[in-house]
Amino acid sequence: MERSLVHHCCCCCFFFFSWFLVFFPFTPSEAQAVPALFMFGDSIVDNGNNAILLPKETASRFLPYGFDFPTGPTGRFTNGMNPGDVFANLLNLPRFIPAVLDPKAKGEMILNGVNYASGGSGILDYPN
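Under mature numbering (1 follows the signal peptide of the UniProt record, and there is no 0), the residues of the sequence shown are numbered -31 to -1, 1 to 97, in order.
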């Protein structure tokens, strides 16, 4: 009997809150803007830092990586946008956050963030 009462109360609460969320959705009064995105990680979000560190040894600088990318292989371990690029796009930031080691990543270009990720990153001084 007691289990049935608890079950009934939980179901009522669930349906009440579900109904409340459907008919009164949360709408913020002012959109919060994300000013910048700084990415840390390994090859999943690396967008070319390893290609700058190890220009001859990085497999991601050659085909098939970047086959469909507008500028060809760039040092990304994906064929196009990596998860960091997709996340930046969802936050309305520029399409591609620059690699921190990119010589062109200076001044206003880094105001929206930079990517520190390095494929094969670890605790050693030299990436794998």
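Just so you know, even glycine gets a beta-carbon here, dropped at the ideal spot from N, CA and C.
Where residue i sits in the DSSP three-state scheme
i       : result
MET78   : helix
ASN84   : strand
ASN58   : helix
SER(-3) : Note that SER(-3) scores a pLDDT of 49, beneath 50, so its modelled location is shaky and nothing firm can be said.
ASN19   : helix
Unbroken alpha helix (DSSP H) run spanning residue i, endpoints
i     : result
ILE66 : No alpha helix (DSSP H) holds ILE66; DSSP gives it neither H nor E.
Rounded Cβ spacing between residue i and residue j (contact assumed at less than 8 Å)
i     : j     : result
ALA68 : ASN84 : 5 Å
Spatial neighbours of residue i in its chain, beta-carbon cut-off 8 Å, leaving aside the 5 residues before and after
i     : result
VAL3  : LEU60, ASN61, LEU62
PHE38 : ARG45, ASN48, GLY49
LEU6  : GLY53, PHE56, ALA57, LEU60, LEU62, ILE66, ASN81, GLY82
Same chain only: Cβ atoms within 7 Å of residue i, ignoring 5 sequence neighbours per side
i     : result
PRO72 : none
VAL14 : MET8, ASN51, PRO52, GLY53, ASN84, ALA86
PHE36 : ASN48
TYR79 : In the sequence on display, residue 79 carries Ile and not Tyr. Hits under 7 Å: PRO67.
Neighbourhood of residue i by C-beta, 6 Å cutoff - its chain only, sequence neighbours within 5 removed
i     : result
GLY10 : ALA86
LEU70 : ASN18, ILE21
beta-carbon residue i near the ligand MG non-hydrogen atom, thresh 7 Å
i    : result
PHE7 : Questions concerning the ligand MG fall outside what the structure shown contains, since it holds no ligand whatsoever.
Short CB-CB distance (under 8 Å) between residue i and chain B
i     : result
ALA86 : Judged by its chain identifiers, the structure shown contains no chain B, having just a single protein chain.
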